[in-house]
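I have placed the structure first, in the form of structure tokens, so that the comments after it can refer back to it.
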Amino acid sequence: ASAIIFTVFFVNLRHLLMSAALAPYFTKIPLFKNLIIGSQITDETFGVAVQHAAQKGYLGERWMIGLNVTAYLNWILATIIGGLFGEWIPDPHTYGMDYALPAMFIGLFVLQLISSKPKLAIHLTVAIVAIIIAYVSHLFMPDSIAVIIATLLAATIGVVIEKWK
């Protein structure tokens, strides 16, 4: 049980990183609204928010709450539809459903890369460093921990590069 708790804790540390990355955009709003925004962030809404911030230079609190609520409503509706009609798909692998989630994240990553061309070199460097660290780390530890280690180290390297540039 402790291994499961430990793994869940480390896997969900990504929310700390995402919240920390978005926090500078919400310094002037009340704590309660910050708690609402922070508790609703998902991987997908973070990706969209970062892209929006790169293009516009700001994030509005109403825009962010709207993004989060829309994402959750979409998730709930898709879950209901999947629960009702999912049995009609005999083998989801036949339709490439097992690649849908990775494809979505790749799409978000590519959109982030092309939306901030001045930072393209930094983003690619961080991505390559993360891949190398994750690959080397997975030889010595569980994959989930290797991904967290790679994320933390690559993000730190990205911040250092950004500050020194």
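Under my numbering, the first residue of the sequence shown carries the number 4, and numbering increases by one thereafter.
For each residue, glycine too, the CB sits at the ideal point set by N, CA and C.
In this text the structure is predicted, and so the values were computed from the model without any measurement.
Subject >> Closest by C-alpha distance to residue 35, when choosing among 4, 68, 18 >> reply: Comparing Cα positions, the closest option is 68.
Original post:
Taking one C-beta from the stretch 40-56 and one from the stretch 5-25 each time, how about it: are there three or more such pairs within less than 8 Å?
Top reply: Yes: the two stretches touch, three or more of their Cβ pairs being nearer than 8 Å.
Original post:
So which of 29, 140, 138, 19 has the shortest CA-CA distance to residue 45?
Top reply: Of 29, 140, 138, 19, the smallest CA-CA separation from residue 45 is found for 19.
**OP:** Quick one: grab the DSSP three-state call for residue 144.
**Re:** Reduced to three states, the DSSP call for residue 144 is coil.
**OP:** Please report the residue range of the alpha helix (DSSP H) in which residue 114 lies.
**Re:** Note, residue 114: alpha helix (DSSP H), 103-118.
Subject >> Three-state secondary structure assigned by DSSP to residue 33 >> reply: Residue 33 falls in the coil class under three-state DSSP.
Original post:
Is the Cβ-Cβ distance between residue 147 and residue 10 less than 7 Å?
Top reply: Contact flag set, yes.
**OP:** Less than 8 Å between the CB atoms is what I'm expecting for residue 171 and residue 118, so what's the real figure, rounded?
**Re:** Residue 171 lies beyond the residue range present for the chain, which begins at 4 and ends at 168; the question has no answer from this structure.
Original post:
Among the residues of its own chain, which have a CB less than 6 Å from the CB of residue 129, if the five just before and after it don't count?
Top reply: Taking C-beta separations shorter than 6 Å and ignoring five residues to either side along the sequence, the partners of residue 129 in its chain run 157, 161, following chain order.
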